[in-house]
Amino acid sequence: MAFHLALLDHPQDALVVWTFSSILYHGLWSKGLQFARENVIYAKFVPEISTSSATISDESLLEEVSHLASLVKSSSIALTTNDALQQSMARYPNQASCSGLVLVSEKMGKNVAKLFDNLEKDIKSCDKERQKYNIDYELLKKGNHVETRFVLGKIIMDTMRTKITCEPGDIITETKGPVLSKLFL
10 MAFHLALLDH
20 PQDALVVWTF
30 SSILYHGLWS
40 KGLQFARENV
50 IYAKFVPEIS
60 TSSATISDES
70 LLEEVSHLAS
80 LVKSSSIALT
90 TNDALQQSMA
100 RYPNQASCSG
110 LVLVSEKMGK
120 NVAKLFDNLE
130 KDIKSCDKER
140 QKYNIDYELL
150 KKGNHVETRF
160 VLGKIIMDTM
170 RTKITCEPGD
180 IITETKGPVL
190 SKLFL
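So the sequence shown is numbered by the numbering used here: it starts at 10 and just counts up by one.
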């Protein structure tokens, strides 16, 4: 939810989202960056994914990924208090009432925020390459940060791989493509 809220409030370039998810998935910033550049798919998710600029430098891309991590962390904290969540939802007056708001405990919000510390503070410290690419459900159940990041990266990449794609430079409007959140209803 924090990731989606961050994208709703601050739409991101498809390559930034791919790099973010690829680093989470691979565990190694250099491999994640290379994988994202070679495999990026320009998905049409409005308003979450903005038009893409495929010519962004590696340094700028890593800065954008760090910024996205910071936004996700902030969003995870916003999900812990009713006031912050109401304020965030006020930006979407056309949505249904806030009767279905989801709050998470402060402890859970902080735990989620910790998942993105490396990406936010020192992205190049993500230097532990994943050795196997199967989900370890026992570690996931225990809330292991490495496993949770891996699974989140996989979910994001799988979502971005849907058949709804476009080319770099295509102009994306509100009338093209589904809203990302509607895919999960």
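For glycine and all other residues, C-beta sits at the position ideal for the given N, C-alpha and C.
Bear in mind the structure is a predicted one, so any value in this text is a computation, not a measurement.
Next on the checklist: According to DSSP, is LEU37 part of a helix, a strand, or is it coil?
Outcome noted: Position 28 of the sequence shown, counted from the start, is the residue given in the question as residue 37. Note: LEU37 maps to strand in three-state DSSP.
Next on the checklist: Given this structure, state the Cα-to-Cα distance separating ALA23 from TYR51, to the nearest angstrom.
Outcome noted: As a working note, residue 23 is residue 14 in the sequence shown. As a working note, residue 51 is residue 42 in the sequence shown. Their backbone Cα atoms lie some 6 Å apart in a straight line.
Checklist entry - On the premise that CYS135 lies in contact with TRP27, defined as a C-beta separation below 8 Å, what is that separation, rounded to the nearest angstrom? => result Start at 1 with the first residue of the sequence shown, and residue 27 comes out as number 18. Start at 1 with the first residue of the sequence shown, and residue 135 comes out as number 126. In this structure, TRP27 and CYS135 do not form a Cβ contact; the two beta carbons are roughly 15 Å apart against a cut-off of 8 Å.
Item to check | DSSP three-state assignment for TYR142, whether helix, strand or coil | outcome: Taking the sequence shown and counting its residues from 1, one reaches residue 142 at position 133. Reduced to three states, the DSSP call for TYR142 is coil.
Next on the checklist: In whole angstroms, give me the CA-to-CA distance for ILE32 and LYS123.
Outcome noted: Your numbering for residue 32 matches position 23 in the sequence shown. Your numbering for residue 123 matches position 114 in the sequence shown. In a straight line, the C-alpha of ILE32 is about 15 Å away from that of LYS123.
Checklist entry - What are the uninterrupted segments assigned as alpha helix (DSSP H) that are 4 or more residues long and contained completely in the segment 37-99, given in chain order? => result 38-48, 67-87 and 91-98
Checklist entry - Are there three or more Cβ pairs, one per stretch, closer than 8 Å when the segment 126-141 is compared with the segment 74-92? => result yes
Checklist entry - Nearest to MET10 by CA position, among ASN143, TYR146 and GLY118, is which residue? => result In the sequence shown, the residue the question calls residue 10 occupies position 1. Checking every option, the nearest Cα to that of MET10 belongs to GLY118.
Item to check | Residue range of the unbroken alpha helix (DSSP H) whose run includes HIS154 | outcome: Taking the first residue of the sequence shown as position 1, residue 154 is located at position 145. First-last of the alpha helix (DSSP H) with HIS154: 154-169.
Next on the checklist: Using the Cβ count rule (16 or more neighbours within 10 Å means buried), how would you classify ALA99?
Outcome noted: Taking the first residue of the sequence shown as 1, we reach residue 99 at position 90. It is exposed - the Cβ of ALA99 has fewer than 16 other Cβ atoms within 10 Å.
Checklist entry - Assuming GLU138 contacts HIS35 under a Cβ cut-off of 8 Å, what Cβ separation, rounded to an integer in Å, is found between them? => result For this step, residue 138 is matched to residue 129 along the sequence shown. For this step, residue 35 is matched to residue 26 along the sequence shown. Yes, GLU138 and HIS35 are in contact; Cβ-Cβ is about 6 Å, under 8 Å.
Next on the checklist: Distance check for ASN91 and GLU68, CA to CA, integer angstroms please.
Outcome noted: Mapped onto the sequence shown, residue 68 falls at position 59. Mapped onto the sequence shown, residue 91 falls at position 82. So the alpha carbons of these two residues sit roughly 37 Å apart.
Item to check | Closest residue to SER59 among ALA93, ILE165, LEU16 and LYS40 (Cα-Cα distance) | outcome: Here residue 59 refers to the residue found at position 50 of the sequence shown. Selected option, being the one with the closest Cα: LEU16.
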